[in-house]
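Just so we're on the same page, the numbering used here is the position in the sequence shown counted from 1, plus 13.
Cβ atoms here follow ideal geometry from the backbone N, Cα and C, with glycine treated the same way.
Please read these numbers as outputs of a predicted model, since none were measured by experiment.
In what follows, a structure is listed as structure tokens, so that the remarks can point back to it.
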Amino acid sequence: MDAARIFDTLGMDRAALDGGDWPVSSPIDGAVIARLTLDDAAAVDAKIARSVEAFAQWRRVPAPRRGELVRRFGGLLRRHKATLGALITLEAGKIVAEGEGEVQEMIDICDFAVGLSRQLYGRTIASERPDHALRETWHPLGPVGVISAFNFPMAVWSWNAALAIVCGNSLLWKPSEKTPLCAIACQHLFEQAMADFDEAPEGLSQLLLGGREVGMTLADDVRVPLISATGSCAMGRQVGARVAQRFGKSILELGGNNAIIVAPSANLDLAVRAIVFGAVGTAGQRCTSTRRIFVHQSIYPAVVERLQQAYAALPIGDPREPSTLVGPLIDARALTQMEDALQAAREQGGKVVGGERVLADRWPGAYYVQPALVEGGGAIDNSVEETFAPVLYCFRYDALDEAIARHNAVPQGLSSAIFTTDVREAERFLAATGSDCGIANVNVGTSGAEIGGAFGGEKATGGGRESGSDAWRGYMRRQTATVNYSDELPLAQGVRFG
Ligand code: NAD
């Protein structure tokens with residue numbers, strides 16, 4: 014399906030695809046699929062002002078009613094799942110199953126948020142003073158700014174949006190400049206959900222189209238109390254500092270450098286499947302992609318041989334074809350970064366298998382690659398960096414403590430896994446002295462999280478948490494209230510004054 018047909022199917026105006034000077038291209042073949050007009054500084058300022066007004070109304074709507082709006086939006090996502098998936102495929106290059114999987118993730122978070130809208134629980138706390146009540150309440154926060162990356166062009170916004178809306182906030186979304194059509198489609202469906210919902214104020218959710226300058230403007234604006242930013246560590250370092258400078262809150266979801274440890278007792282069928290999916294799925298362009306493996310030396314040759322066989326049989330090509338498992342990289346820059354990483358690995362003594370550009374004759378303007386395996390020997394310095402492409406560094410280890418130490422010896426701390434059938438090894442990996450990541454799995458790969466758990470990572474991954482568990486608290490302000498229902502005025506800690 015091309016962009017015009019997708020817009021038609023979603024009931025959108027296809028004229029919106031043309032007329033601007035910002036070209037949007039498809040990574041499938043490099044063709045320009047839209048020319049958009051971006052927001053200038055005045056438009057951004059006006060949208061933030063409108064968001065402040067929308068928030069003032071929306072926070073007064075009871076939370077379960079706010080949940081009802083999210084329920085309607087989720088219904089539209091269900092109805093248009095295949096079309097939205099096709100748009101993700103067209104604009105981000107994901108294979109069909111992963112495009113539709115991303116939409117399913119949006120549906121799941123909407124369901125979660127609807128339930129949550131009746132469970133924004135505070136606490137009552139025992140007061141130390143007689144005839145006093147002490148309690149904690151969660152209130153709406155204000156306009157929430159969402160800055161998102163290209164590789165989850167819809168789901169990342171929805172993780173934030175579904176929670177932020179039931180929490181009583183308005184939304185300002187600055188999507189990746191590489192995937193604005195996905196954002197325009199989501200915004201359209203959200204407005205449809207709002208259409209006959211009287212309590213929803215105009216401007217409850219708005220898009221800010223533009224590059225990093227627009228993201229920086231949002232990050233600097235004191236009217237936006239929370240910025241949830243997903244992208245590279247370099248972006249988060251800048252956005253986090255800018256938001257902190259004005260005492261705003263931020264949720265940072267940044268790069269990962271995720272690893273799997275394969276222990277001697279591992280079920281190798283499971284381990285190899287999980288490694289291949291984690292390393293080459295979405296062409297290695299997931300924050301949770303598997304980038305390093307540490308395999309016990311007793312099984313290392315067998316594991317690497319099986320990986321090489323699996324890699325040699327990977328169907329690489331047009332992501333719209335049902336048989337394809339590896340689609341394109343997002344752009345030429347991603348290819349250059351992959352080539353540079355492999356060159357550096359070779360110079361550091363790594364043995365590289367794969368990594369070549371393929372299908373260049375058919376699509377000179379698109380960037381498909383044979384995923385690469387790099388056998389590390391001892392260590393490869395640049396394996397500590399996240400290269401956003403299918404590059405998998407393979408290392409061998411002798412002792413589990415050594416494997417865990419090397420696993421943790423990178424700046425990022427997002428997702429991690431161990432494959433073992435030895436309960437002691439599994440528990441050591443999950444213990445305080447084990448994996449230092451926000452996500453730690455046993456016999457489950459690093460990539461592909463469920464929405465029910467809190468999602469995010471430590472260290473240079475930014476420390477933010479989104480999605481399930483109690484991540485909703487990040488979108489609200491906590492108020493501690495003490496109520497005195499006596500005729501005395503006892504002070505806390507027994508202090509006497511006068
Ligand atoms: P990116 O950092 O280039 O861009 C992400 C977003 O930030 C874009 O909207 C961009 O316009 C904006 N941006 C960039 N610099 C900015 C600045 N200085 N100020 C304000 N906004 C700025 O990332 P990308 O290439 O789109 O995405 C890939 C990266 O995102 C990878 O590092 C990946 O690991 C990470 N990611 C992390 C998660 C997570 O949940 N931890 C999820 C998806 C992607």
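Could you have a look at residue i and say whether DSSP puts it in helix, strand or coil?
| i | result |
| --- | --- |
| I178 | helix |
| R73 | coil |
| R375 | coil |
| A261 | A quick correction: the sequence has Gly, not Ala, at residue 261. Note: G261 maps to coil in three-state DSSP. |
| A467 | strand |
| F86 | helix |
| N497 | strand |
| A99 | helix |
| Y201 | The question names Tyr, but residue 201 is His in the sequence shown. Helix. |
| V404 | strand |
| I288 | helix |
| A208 | helix |
| Q506 | helix |
| H145 | strand |
| K60 | helix |
| N454 | strand |
| F20 | helix |
| L150 | Sequence inspection shows Thr at residue 150; the Leu mentioned does not correspond to that position. Three-state DSSP puts T150 in a strand. |
| T243 | strand |
| V387 | strand |
| G219 | Note on residue identity: the sequence assigns Gln, not Gly, to residue 219. Three-state result, Q219: strand. |
| L185 | strand |
| M248 | helix |
| M229 | helix |
| L51 | coil |
| G159 | It should be pointed out that residue 159 corresponds to Val in this sequence rather than to Gly. Three-state result, V159: strand. |
| S171 | helix |
| M489 | strand |
| L348 | helix |
| R478 | coil |
| V235 | coil |
| E266 | strand |
| K364 | strand |
| K191 | coil |
| K472 | strand |
Cα-Cα, which of the options is closest to residue i?
| i | options | result |
| --- | --- | --- |
| A44 | T50, R27 and D15 | D15 |
| I513 | P328, Y324 and A276 | A query on residue 513 cannot be resolved here, the shown segment of the chain reaching from 14 to 511 and no further. |
| Q200 | D344, L89, G475 and L338 | L89 |
| V237 | A247, K187 and L281 | K187 |
| G80 | I178, A247, I417 and K94 | I178 |
| A105 | R148, L283 and S38 | S38 |
| A416 | R370, Q310 and T243 | Q310 |
| T433 | L413, G426 and Q425 | L413 |
| N280 | G112, I431 and K472 | I431 |
| T459 | L405, A385, T96 and D58 | L405 |
| N497 | P335, A139 and D58 | A139 |
| T22 | K94, I160 and R73 | K94 |
| T495 | A505, R72, G487 and V436 | A505 |
| G481 | D58, C407 and S171 | S171 |
| L355 | I46, R509, A242 and P403 | P403 |
| I240 | Q298, G297, N270 and N173 | N173 |
Any heavy atom of the ligand ZN closer than 7 Å to the CB of residue i?
| i | result |
| --- | --- |
| F163 | As presented, the structure is devoid of the ligand ZN, carrying the ligand NAD as its sole ligands. |
inquiry  = Three Cβ pairs or more, each shorter than 8 Å: is that satisfied between the segment 256-265 and the segment 206-215?
reply    = no
Segment contact flag, the segment 43-63 with the segment 219-231, C-beta cutoff 8 Å, min 3 pairs = yes
inquiry  = So, does the segment 438-452 touch the segment 415-425, judging by three or more C-beta pairs under 8 Å?
reply    = yes
query = Would you call the segment 225-234 and the segment 143-154 in contact, with 3 or more CB pairs under 8 Å?
reply = no
message = Could you tell me which whole beta strand (DSSP E) segments of length 3 or greater appear in the segment 110-139?
response = If we require 3 residues or more, the beta strand (DSSP E) runs fully inside the segment 110-139 come out as 136-138.
ask   = Are at least three pairs of beta-carbons, each pair with one atom in the segment 433-443 and one in the segment 318-334, less than 8 Å apart?
value = no
Ordered list of alpha helix (DSSP H) runs contained in the segment 272-339, each at least 4 residues = 281-293 and 313-325
key: Inter-stretch contact (C-beta, 8 Å, three-pair minimum) for the segment 105-120 and the segment 21-35   = no
inquiry  = With three or more C-beta pairs closer than 8 Å as the rule, is the segment 249-261 touching the segment 212-220?
reply    = no
ask   = Touch check for the segment 148-157 and the segment 55-72: three-plus C-beta pairs under 8 Å?
value = yes
query = Are the segment 343-361 and the segment 278-290 touching, with three or more C-beta to C-beta distances below 8 Å?
reply = no
ask   = Do three or more CB pairs link the segment 128-135 to the segment 461-474 at distances below 8 Å?
value = no
ask   = Taking one C-beta from the segment 156-165 and one from the segment 184-198 each time, how about it: are there three or more such pairs within less than 8 Å?
value = yes
Continuous alpha helix (DSSP H) assignments of at least 4 residues falling wholly in the segment 23-47 = Within the segment 23-47, no complete alpha helix (DSSP H) run reaches 4 residues.
message = For a minimum of 4 consecutive residues, which ranges assigned as the alpha helix (DSSP H) are wholly contained in the segment 410-459?
response = 413-421 and 436-443
message = Between the segment 357-367 and the segment 335-342, can you find at least three pairs of beta-carbon atoms closer than 8 Å?
response = The segment 335-342 vs the segment 357-367: no contact.
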